[in-house]
Amino acid sequence: MSPDSQRDWPLDLRLFAIAAAVWSAYLTARALLHDPALELMTPLQAVIGGIKFYGDEARMVLLVEAGVYLAIAIGILSRRRWGLVLAIAYLAQVVMSHLIFILAYLNTRQELWHVRTAAIEGPTVVLLTLYLWIRSNPLLFGPSQRA
Numbered sequence: 009m010s011p012d013s014q015r016d017w018p019l020d021l022r023l024f025a026i027a028a029a030v031w032s033a034y035l036t037a038r039a040l041l042h043d044p045a046l047e048l049m050t051p052l053q054a055v056i057g058g059i060k061f062y063g064d065e066a067r068m069v070l071l072v073e074a075g076v077y078l079a080i081a082i083g084i085l086s087r088r089r090w091g092l093v094l095a096i097a098y099l100a101q102v103v104m105s106h107l108i109f110i111l112a113y114l115n116t117r118q119e120l121w122h123v124r125t126a127a128i129e130g131p132t133v134v135l136l137t138l139y140l141w142i143r144s145n146p147l148l149f150g151p152s153q154r155a
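Here the sequence shown stands for residues 9 to 155, where the numbers follow this note's numbering.
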């Protein structure tokens, strides 16, 4: 990628990167500041790949997710194509994770609220993934060859 094309990155992608950095900080704080004494009342939870994790396992999942979001932010803010590829791949994983979670816990009465929340979030995550794909397409594959 030439230096001139590196300056052409859209503002909305840079704002996305800043949002990813903020989300990384939130996930880190949530993982590190959750009081273990409250585990019996409100256990720390995390979902990845449609699987729920609790306690220390959830803390590790949240820290790994925070690391991924931080890498996305660094990659996009430094105008590296791998940052966009990582963002699209990770958001596609989030979409699939929502779908797997909904299907896996649909018949579990105790998880009905969480299933409902995931179902409400689902279209937003899909639209965000598609928007990121559309906006990053020229940066990943170059300008279109249309007449």
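Just so it is clear, CB atoms sit at the ideal spot from N, CA and C, and this is done for glycine as well.
- Fully enclosed alpha helix (DSSP H) runs of no fewer than 4 residues occupy 63-85 and 89-113 of the stretch 60-125, in order along the chain.
- A distance below 6 Å between beta-carbons, with the five flanking residues on each side excluded, links Phe109 to the following residues of its chain, in chain order: Val55, Gly58 and Ala126.
- Taking the CA atoms as reference points, Val134 sits about 33 Å from Asp43.
- Each residue's CA atom was taken as its position, placing Leu138 and Ala29 some 20 Å apart.
- By the C-beta criterion, the stretch 63-73 is judged not to be in contact with the stretch 117-126, since fewer than 3 inter-stretch pairs fall below 8 Å.
- When the five nearest sequence neighbours on each side are left out, the beta carbons in the same chain lying within less than 6 Å of the beta carbon of Leu35 are those of Leu70, Glu73 and Ala74, in order along the chain.
- Contact annotation: Leu140 and Leu92 have beta-carbon atoms nearer than 9 Å.
- Measuring C-alpha to C-alpha distances from Ser32 to each of Ala95, Trp90 and Pro18 identifies Ala95 as the nearest.
- DSSP lists Ile59 as the beta-bridge partner residues of Ile56.
- By the beta-carbon neighbour count (other beta carbons within 10 angstroms, threshold 16), Phe149 is exposed.
- Separation of Ala37 and Leu99 (C-alpha to C-alpha, rounded to the nearest whole angstrom) is 21 Å.
- As the crow flies, the alpha-carbon of Ser144 is around 9 Å from that of Arg89.
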